[in-house]
DNA sequence: ATACTCAGATTGTCTGACAAATTATCTGGA
DNA sequence: TCCAGATAATTTGTCAGACAATCTGAGTAT
């Protein structure tokens, strides 16, 4: 019945702000507090929880960073319950990427494999609404290219919309996270590496294959597309390997 | 050169504690602060950054939740730089799972697909050290089973060790995250559903196939194993669908 | 050597105060 | 009536000071 870990577990060592944030989190989990709801002001919360305002503030910081609430100042401001949570995960993953815990090579490899899997589900579960948003995204990108504007955002959005069409929130979360890291990397090396024209053409062809229900064709196109992206990133991958390779290998946990 | 978003971005609207946490984060990214290093005490930091102690504390809360530091109280305590970061991501993902943003069905489907991909890399990159830890994990689980102790922890660890053997940190992060959600779910429904004996046998066979370099056999075993796990969870998936299905579908972004 | 005590350091929390930001309200004029 | 600007009210952001709780480590007595 017991795993050895749960035996003699600590009675109660939480800090007050942790208890407060947990309590509010629980209210959200249980549906008592719903997205859009406003929490009382810090002073009110302090009075109701019978703690100081500083304790409330630290609890709010936790909830804010965890993606549960946003805080606005000024009259009729205060903390309100958010509904999205994924941004925060992406941000943390990005931190890991920046700390070189994750190499560019690992990222591109994982991206290729995961998008391949996701596309398989897209073929099965995509609906008209998805197709419409994908078309819109591609068209917006094309228009930008015609005007000689880099369309990085739309190009990344294409992949996120694909993930959404798989109808699996886990895939959505993973792809959004990976795309955030890719975006971060592109913004650092300059987006001209992207040579958007080519990319948009690939996206258009992939979308066409999906609409025509040609699974193998879509998969082949995606693979070719991502391999090309990878080929274009290869110099940076090599550079990273030469520069930081040893250091990354050295620090093993 | 510019995406429309970055045009006219806010000059400087950050709150003080955000600037402080960003500054410390940057020091960590740049390698000036390394894991194990101790930060000055809150009072010292307040003096050095020329802000109040409360501001420092809110910054520390952010860094703590982001997985960059841990804080100990008492003499020669204070904040020290951590080296892991993945736990935090898992915790946030778990929050999303708890908020029913992610269904059990989506989780099991994604798990199956991703572990399949990961195993392919494991076949290519596994080394003796990995094999040793996998054997140890399996043996520990077997010993527990013999003594009629549930070995949930070891069973989940097997999959995490597999991910590690793929030598791709992105896969490690994803699998650890998924396993945290699985562990949370099992702890809520009671671990007797796991019927560990069967699970350990599968793990042993999978490991044997890996060691013998029989790729197809290993993949088949893994798939069978995970499908069985899924079958065992099916009642809960159905229950979740009946109970919360409409609500989940209703709130679409 | 071992166990106990105590001083010092550091985080955790409370209180009170004020500045800054934002919204709501009022007021006067067209 | 409607609009514009000033004003008030609300709420977060920050600082300062104080004390309690916790932990470490040195010193002391046995």
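Chains as they are written, first to last, in our numbering: chain Z, 39 to 291; chain W, 39 to 291.
Note that CB positions come from ideal geometry on N, CA and C, so glycine has one too.
Straight-line Cα distance separating residue j from residue i
| i | j | result |
| --- | --- | --- |
| residue 170 of chain Z | residue 211 of chain W | 33 Å |
| residue 162 of chain Z | residue 203 of chain Z | 9 Å |
| residue 269 of chain W | residue 115 of chain W | 49 Å |
| residue 188 of chain Z | residue 223 of chain W | 44 Å |
| residue 98 of chain Z | residue 54 of chain Z | 12 Å |
| residue 279 of chain Z | residue 120 of chain Z | 40 Å |
| residue 153 of chain Z | residue 159 of chain Z | 10 Å |
| residue 89 of chain W | residue 60 of chain W | 15 Å |
| residue 185 of chain Z | residue 179 of chain Z | 10 Å |
| residue 45 of chain W | residue 75 of chain W | A caution first: residue 45 of chain W carries a pLDDT of 41, below 50, which makes its placement in the model too unreliable to give a value. |
| residue 123 of chain W | residue 106 of chain W | 7 Å |
| residue 247 of chain W | residue 201 of chain Z | 33 Å |
| residue 250 of chain W | residue 172 of chain W | 14 Å |
| residue 252 of chain Z | residue 73 of chain Z | 40 Å |
| residue 69 of chain W | residue 126 of chain W | 21 Å |
| residue 93 of chain Z | residue 132 of chain Z | 29 Å |
| residue 110 of chain W | residue 57 of chain Z | 18 Å |
| residue 357 of chain W | residue 91 of chain W | Absent from the structure is residue 357 of chain W, since the part of chain W shown begins at 39 and ends at 291. |
| residue 266 of chain Z | residue 257 of chain Z | 14 Å |
| residue 113 of chain W | residue 52 of chain Z | 19 Å |
| residue 191 of chain W | residue 227 of chain W | 15 Å |
| residue 177 of chain W | residue 136 of chain W | 32 Å |
| residue 225 of chain W | residue 245 of chain Z | 42 Å |
Cβ-based neighbour list, residue i, same chain, cut-off 7 Å, excluding 5 preceding and 5 following
| i | result |
| --- | --- |
| residue 95 of chain W | 80 |
| residue 240 of chain W | 259 and 263 |
| residue 206 of chain Z | 159 |
| residue 271 of chain Z | 142 and 146 |
Own chain residues within Cβ distance below 8 Å of residue i, not counting five before or after
| i | result |
| --- | --- |
| residue 198 of chain Z | 210, 213, 214 and 217 |
| residue 243 of chain Z | 259 |
| residue 108 of chain Z | 102, 117, 118 and 120 |
| residue 220 of chain Z | 145, 149 and 194 |
| residue 71 of chain W | 62, 65, 77 and 119 |
| residue 261 of chain Z | 150 and 154 |
| residue 86 of chain Z | 78 |
| residue 84 of chain Z | 90, 91, 93 and 94 |
| residue 67 of chain W | none |
Simplified DSSP assignment, three categories, for residue i
| i | result |
| --- | --- |
| residue 73 of chain Z | coil |
| residue 109 of chain W | strand |
| residue 82 of chain Z | helix |
| residue 13 of chain W | The shown model of chain W, from 39 to 291, leaves out residue 13 of chain W, and the question about it has no answer. |
| residue 52 of chain Z | coil |
| residue 168 of chain W | helix |
| residue 250 of chain Z | coil |
| residue 258 of chain W | helix |
| residue 57 of chain W | helix |
| residue 89 of chain W | coil |
| residue 162 of chain W | helix |
| residue 45 of chain W | Summary for residue 45 of chain W: the model assigns pLDDT 41, below 50, so the residue's position carries little reliability, and this model does not support an answer. |
Cut-off 6 Å between Cβ atoms - residues of its own chain near residue i, not counting five sequence neighbours on either side
| i | result |
| --- | --- |
| residue 196 of chain W | 175 and 241 |
| residue 129 of chain Z | none |
| residue 237 of chain W | 193 |
| residue 134 of chain Z | 140 |
| residue 182 of chain W | 189 |
| residue 156 of chain Z | 201, 204 and 209 |
| residue 254 of chain W | none |
On the three-pair Cβ rule with 8 Å, is the segment 272 to 279 of chain W touching the segment 125 to 143 of chain W? These segments touch.
Cβ pair count under 8 Å reaching 3, the segment 101 to 115 of chain W against the segment 159 to 173 of chain Z = Between the segment 101 to 115 of chain W and the segment 159 to 173 of chain Z, the count of Cβ pairs shorter than 8 Å is below three; the stretches do not touch.
- [ ] For the segment 101 to 149 of chain W, list the alpha helix (DSSP H) runs that are entirely contained and at least 4 residues long, ordered along the chain.
- [x] Counting whole runs of 4 or more residues, the segment 101 to 149 of chain W contains the alpha helix (DSSP H) stretches 124 to 136.
Quick check for students: name the residue ranges of the alpha helix (DSSP H) that lie wholly in the segment 182 to 246 of chain Z, counting only runs of 4 or more.
190 to 203 and 207 to 227
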